[in-house]
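The block underneath contains the structure these notes are about, expressed in structure tokens.
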Amino acid sequence: MIREKIYQPQKIEIKWQKIWQESKAHRVDEKTRNFFGLRNKLKFYCLDMFPYPSAEGLHVGHMRGYTYSDVMARKKKMEGYQVLHPMGWDAFGLPAENYALKHNLHPKKSTDKNISQIKKQLESMGCMYDWEREINSSDPDYYKWTQWLFLQLYKEKLAYRKDAFVNWCPSCQTVLANEQVIEGRCERCESKVTKRSLKQWFFKITEYADRLLNGLDNLDWPDKVEIMQRNWIGQSYGTEFLMNIMHGEGHIMTANDLKEITLAQAETEFPEEVIKLRIYTTRIDTIFGMTYVVLAPEHPLIPSLITRKYEKEVNEYLEKAFVKSEIERSSEEKEKTGVFTGSYAINPFNGQRVPIWIADYVLPHYGTGAIMAVPAHDERDYAFAEKYGLEIVEVVKPESGISSLEKGAFVEDGVLVDSGEFSKLPSALAREKITQWLEEEGLGFGTKKYKLRDWLISRQRYWGTPIPIIYCEKCGEVPVPESSLPVRLPEKIEDFSPTPDGHSPLAKVKEFVETNCPICNKKAERETDTMDTFVDSSWYFLRYADPKNSQYIFDKKKIKKWLPVDLYIGGIEHAILHLLYSRFITKVLFDLGLIEFEEPFIRLFNQGMVYYKGAKMSKSKGNVVNPDEFFVLYGADTMRLYELFMGPPSQDVEWSDQGVIGVYRFLNKVWKLIEKFLSKTKNQKIEIKKPQSLEEEDQIKQLERLRHKTIKKVTKDIDDFRFNTAVSTLMEYTNQLTGCPINLLDKKHLETLLLLLAPMAPHLAEELWQKLGYKESIFQRKWPKFNSDLVIEKEVEMIIQINGKMRDKLRAAETISEAEAKELALTRAKIQKYLKKKVIKKIIFIPGRLINFVV
RNA sequence: GCCCAGGUGGUGUAAUUGGUAAACACGGCGGCUUGAGGAGCCGUGCCCAUUUGGGCGUGCGGGUUCGAGUCCCGCCCUGGGCACCA
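Position one of the first sequence corresponds to residue 1 (this note's numbering), numbered consecutively onward.
This is the structure in structure tokens:
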């Protein structure tokens, strides 16, 4: 009997998890009315980034974010919202496959096993996920719709195939997206990435660059993520213009001069047509300082520009450049190399000819792949010009008029000099005027460019969504008809390990590859590449609204009810890729008329990382706090509460075994307080004693004021993601209640305490709620409200300062006037001491706070 | 190099619009309580002083102000992101 009076988290947690499960407490009921009797409850879609089912399971670091979302979801539910709080699995992809390879397992087997383990962990931490909505991206019922989505993009010409130099990871033996290459290395295995030419599928995300940028304006996201996305999209305003080319030392180049290869690209049938070189610059104000032009080695005009004299040198250079990976090009100590083509470009402003060079510091895919070099006002051009002895002409001077060119390029805006009619103009204005001139002459125009590139989605790996395309000799590239979806990933496969030949292992599965053309029914072959996992995760948040729909990707009405996501919680590591891709797909679906919003995640929160013993917690480093062991020791509620209490949620923190003790003691304190209250009321059969004295009456009033203040603060703190201070506020309240004579303690205090604590420590709250005599779940109860009149303190501590230094304090009514405060303050012995022989020059009075004597 | 975020006791940290620096916890030390144990309660930023008390204290240096952790200027350090994008 006595044992039941002790807080035994393990026992009550299992008990309540079972009750929740049996009563289907966490099922989203789309039909019920809310507490306020409104026909349509306000909805709240609270989403965690779905995890990939790692074999390592979850550690307490992963559980940080899940705790935050669970607190939010539970609180919103108590506030009367209809809450969607689902969970699922990002089960396709490299990590899952690599793990399976390493352990000689089929990825399906290993992921299924991992999923059940992680699911168990999530259940034992008491999360209110609605498991009836669980989704798994490797399930044919799910990837059927990923394929369907691909086909919609294909129809819209947003999915296309092209030959491309791609990032190739020789270890993972697959292509990587630009986003997956970090400092020239594979994000996963850190092998050096090389370049390879392959036919690959792309999504045309660049078409959405502008909208992806503008959409960021109205999101409640961390500034950091917003800035990262902006930088990634990399918009710049500049000028694109045309220059005549002088072939060798001779004549202005026409289509006649084009080598065959470029002729085809130029698509011109007029041999006399003048061929122009296209340049993009953000610094057209420096055009009079252009002393040479540089083309990327891939530039299509190069073959036509090379003169015989330089042929050998140029070809050698090009050969070398193509072997180098793009990353090597950019990271190789930044030592710039290049060659002269023998040809010249004509500056349209002053008719001067400048040499055309080739250098790999110019990137082929950005802008026009060709730049005007202004060494005086660009650091890169400066370095290159110095190395190859090219001319440096100053055309912009700083406001001060003092040139500092000896120290390197002057790259800031200034005032133009030696720039013809544009001299003396400030840079910004000059850019406008010069662009205007180009426009009038039909030689150029103002434009925008982006760093963003199209999304390469082909992967030469087994464990992914097959790309639903068939190649027919007669009909060419044919999309799989929607009615034949899904294109199933063959489960039986002899060897799913990647191959170095640039093909997916699926290419060896005859039964998969061989098919018939949907158009002519002749023999045809399937595409054997699979999709990047980020395609799977770019739309999963939509599927939760209607996870079992076999007819459509989702029911529009259900999407309308639940989406967009009100709160999205996950790690900062997805700041660019996942979030950008999801936003892109959302916009595509919007354009298709399938959804009515353009931004999928209204509010985003990134939880900080958890460190332990000086390093990021991970099983491979051997520094994880295992939640399963932790639950046995302290229980899930303690873990949850510590996750909330250990520091500001967005900040990285160090897990402290010592710190855990504090919240564990707190939960015990709450338990004991209620036990004490119950035994008292039971034995003496009294609910509450009438106050016996003024003092007691005052104490009761104070406590009631504290109750309202606590409700106010905890409510606000949770809304603002300040869980650490929400917990400390509850600790303060509990300390006050514990210190209060039990016969003065009204039951409403204990109820308030439990209600406020319920989202954080749900098991304990349910148990004690039941002990207080309630039959229904505490989560059926309304979140407490505060009375703002009662929050105001009637009596305050007033600070007395002399010259801004605190010297004394006095208790006074909140409404005390300046005169009264002054009078009272001057009676204090301490203050008199300080004011002796001094003249009061000034008095600063802040009502209800302080009085400051300036002497 | 550029762009963010941050720097407060022995530790994690807290501090409305500038208004008592260190709430809430952890640990150490000291004390009280308890049959013992577990636990609970009180004190504790640093320095000087037996005490009353005083001085110093929010990375560094200036400034604004009656008053600065908070605002402004200039630095230093840590963490993160981007990095030949013309």
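Positions of the beta carbon are idealized from the N, C-alpha and C atoms, including for glycine.
Query raised in the report: Between S419 and P303, what straight-line distance do the alpha-carbon atoms span, to the nearest angstrom?
Result: Position 419 of the first sequence, counted from the first residue, corresponds to residue 419. Position 303 of the first sequence, counted from the first residue, corresponds to residue 303. Those two C-alpha atoms are separated by around 33 Å.
Report task. Could you tell me the boundaries of the alpha helix (DSSP H) in which R431 lies? Result -> Numbered from 1 along the first sequence, position 431 holds the residue referred to as residue 431. Unbroken alpha helix (DSSP H) run through R431: 427-441.
Report task. Please report how far the alpha carbon of Q801 lies from the alpha carbon of Q699, in whole angstroms. Result -> Here the question's residue 801 lines up with position 801 in the first sequence. Here the question's residue 699 lines up with position 699 in the first sequence. If I take the Cα positions, the gap works out to 29 Å.
Query raised in the report: In the structure shown, what three-state DSSP assignment does E240 receive?
Result: Here residue 240 is taken as the residue at index 240 of the first sequence, counted from 1. E240 falls in the strand class under three-state DSSP.
Query raised in the report: Among K43, V624, S171, T286, which residue has its Cα nearest to the Cα of K76?
Result: Walking along the first sequence from the start, residue 76 turns up at place 76. Residue K43 is the option with its Cα nearest to K76.
Query raised in the report: Taking the DSSP output, what are the residues bridged to M859?
Result: In the structure displayed, the chain extends from 1 to 855; residue 859 sits before or after that span and is not available.
Query raised in the report: By Cβ distance below 7 Å, which residues in the same chain neighbour Y581 in space, the five residues on each side in sequence not counted?
Result: Position 581 of the first sequence, counted from the start, is the residue given in the question as residue 581. Cβ within range, chain order: W455, F534, S538.
**Report entry** Test item: CB-CB of L667 and D637 under 8 Å
**Finding:** Here residue 667 is taken as the residue at index 667 of the first sequence, counted from 1. Here residue 637 is taken as the residue at index 637 of the first sequence, counted from 1. Cβ distance < 8 Å, so L667 and D637 count as in contact.
Query raised in the report: In its own chain, which residues sit with a C-beta less than 7 Å from the C-beta of F349, not counting the 5 before and 5 after it?
Result: Looking up residue 349 in the first sequence gives position 349. Taken in chain order, the residues that qualify are I287, F288, G420.
Report task. Classify T860 as buried or exposed, calling it buried when 16 or more other Cβ atoms lie within 10 Å of its own Cβ. Result -> Residue 860 lies beyond the stretch modelled for the chain, which goes from 1 to 855, so this question has no answer here.
Query raised in the report: Which residues in the same chain as Y611 place their Cβ atom closer than 6 Å to its Cβ, once the five residues preceding and following it in sequence are excluded?
Result: Numbered from 1 along the first sequence, position 611 holds the residue referred to as residue 611. Correct list, in chain order: E654.
Requested in this report: Entirely within the stretch 477-544 and at least 4 residues each: give me those alpha helix (DSSP H) ranges in chain order.
Outcome: Correct list: 510-513, 533-536, 540-543.
Query raised in the report: Can you round the beta-carbon distance between M798 and K805 to whole angstroms, since I take them to be within the 8 Å contact cut?
Result: Stepping through the first sequence from its first residue, residue 798 is reached at position 798. Stepping through the first sequence from its first residue, residue 805 is reached at position 805. That pair is no contact at about 15 Å.
Requested in this report: Tell me where the beta strand (DSSP E) around I402 begins and ends.
Outcome: For the purposes of this step, residue 402 is taken as residue 402 along the first sequence, with counting starting at 1. Element bounds for I402: n/a, residue is neither H nor E.
Requested in this report: Under the assumption that G414 contacts Y382 (Cβ atoms under 8 Å), give the Cβ distance between them as a whole number of angstroms.
Outcome: Position 414 of the first sequence, counting from 1, holds the residue named residue 414. Position 382 of the first sequence, counting from 1, holds the residue named residue 382. Not confirmed; about 16 Å, so no contact.
Report task. Please state if the CB of Y310 and the CB of K336 are separated by a distance shorter than 8 Å. Result -> As a working note, residue 336 is residue 336 in the first sequence. As a working note, residue 310 is residue 310 in the first sequence. No, the pair does not count as a contact, with Cβ atoms beyond the cut-off.
Query raised in the report: For D48, which residues of its own chain have a beta-carbon under 7 Å away from its beta-carbon, when the five flanking residues on both sides are left out?
Result: Counted from its first residue, the first sequence places residue 48 at position 48. Cβ within range, chain order: G65, Y66, S69, M87, I569, G570.
**Report entry** Check whether Y154 and F202 have beta carbons under 8 Å apart
**Finding:** Within the first sequence, the letter at position 154 stands for residue 154. Within the first sequence, the letter at position 202 stands for residue 202. No, Cβ-Cβ distance for Y154 and F202 is not below 8 Å.
Query raised in the report: How many angstroms separate the CA atom of R488 from the CA atom of K510?
Result: Against the first sequence, residue 488 aligns to sequence position 488. Against the first sequence, residue 510 aligns to sequence position 510. Going by the C-alpha atoms only, they are around 14 Å apart.
Requested in this report: Have a look at T748 and F786 and give me their C-alpha separation to the nearest angstrom.
Outcome: Start at 1 with the first residue of the first sequence, and residue 748 comes out as number 748. Start at 1 with the first residue of the first sequence, and residue 786 comes out as number 786. Residue identity differs from the one stated: residue 748 is Lys in this sequence, not Thr. If I take the Cα positions, the gap works out to 13 Å.
Requested in this report: Could you tell me if L694 is buried or exposed, where buried requires 16 or more neighbouring beta carbons within 10 angstroms of its beta carbon?
Outcome: Translated into positions along the first sequence, residue 694 becomes position 694. L694 is exposed by the Cβ-count criterion.
Query raised in the report: What distance in whole Å lies between the Cβ atoms of H59 and V625, which are believed to be in contact at a cut-off of 8 Å?
Result: Along the first sequence, read from residue 1 onward, the residue named residue 625 stands at position 625. Along the first sequence, read from residue 1 onward, the residue named residue 59 stands at position 59. About 6 Å; that satisfies the 8 Å criterion.
Query - Start and end residues, beta strand (DSSP E) containing Y160 - result: As a first step, residue 160 must be located in the first sequence, where it is residue number 160. Taken as a continuous stretch (DSSP letters only), the beta strand (DSSP E) holding Y160 covers 159-169.
**Report entry** Segment limits, alpha helix (DSSP H) that includes Q856
**Finding:** Shown here, the chain extends from 1 to 855; a query on residue 856 therefore has no answer.
Report task. Using only alpha-carbon positions, find the residue among P51, I19, Q658 that is nearest to H578. Result -> If you number the first sequence from 1, residue 578 lands on position 578. Per the Cα distances, P51.
Query - In DSSP terms, what R459 is bridged to - result: Indexing the first sequence from 1 puts residue 459 at position 459. Paired residue(s): T530.
**Report entry** Per-residue DSSP class, three states only, for M372
**Finding:** The residue you call residue 372 lines up with position 372 of the first sequence. The DSSP-derived three-state label of M372 is strand.
Query raised in the report: How do the stretch 778-785 and the stretch 94-111 stand: do at least 3 beta-carbon pairs fall below 8 Å, yes or no?
Result: no
Requested in this report: Would you mind sorting Q651 into buried or exposed? The rule is 16 or more other CB atoms within 10 Å of its CB.
Outcome: As a first step, residue 651 is located in the first sequence; it is residue number 651 there, counting from the start. Burial call: exposed.
**Report entry** Buried/exposed call for L295, threshold 16 Cβ in 10 Å
**Finding:** Here residue 295 is taken as the residue at index 295 of the first sequence, counted from 1. Counting Cβ neighbours within 10 Å, L295 comes out buried, since at least 16 surround it.
Query raised in the report: How many whole angstroms separate the CB atoms of I279 and F241, which I take to be in contact at a CB cut-off of 8 Å?
Result: For the purposes of this step, residue 279 is taken as the residue at position 279 of the first sequence. For the purposes of this step, residue 241 is taken as the residue at position 241 of the first sequence. Sure, about 6 Å apart at Cβ, within 8 Å.
Query raised in the report: Run through DSSP, which three-state label would R722 get?
Result: Counting from 1 along the first sequence, the entry for residue 722 is found at position 722. In the structure shown, R722 sits in coil (DSSP, three-state: anything other than H, G, I, E or B).
Query raised in the report: Do you know how far the Cα of L826 is from the Cα of R849?
Result: Residue 849 sits at position 849 when you count from the first residue of the first sequence. Residue 826 sits at position 826 when you count from the first residue of the first sequence. Distance between the alpha carbons of R849 and L826 is about 17 Å.
**Report entry** Classification of A321 by the beta-carbon crowding that lies within 10 angstroms, buried from 16 upward
**Finding:** Here residue 321 corresponds to residue number 321 of the first sequence, with the count starting at 1. So A321 ends up on the buried side.
Query raised in the report: Does DSSP put I392 in a helix, a strand or coil?
Result: In the first sequence, residue 392 corresponds to position 392, counting from 1. Three-state result, I392: coil.
Query raised in the report: So R353 is in the beta strand (DSSP E); what residue range does that whole segment cover?
Result: Translated into the one-based positions of the first sequence, residue 353 becomes position 353. Its beta strand (DSSP E) spans residues 353-359.
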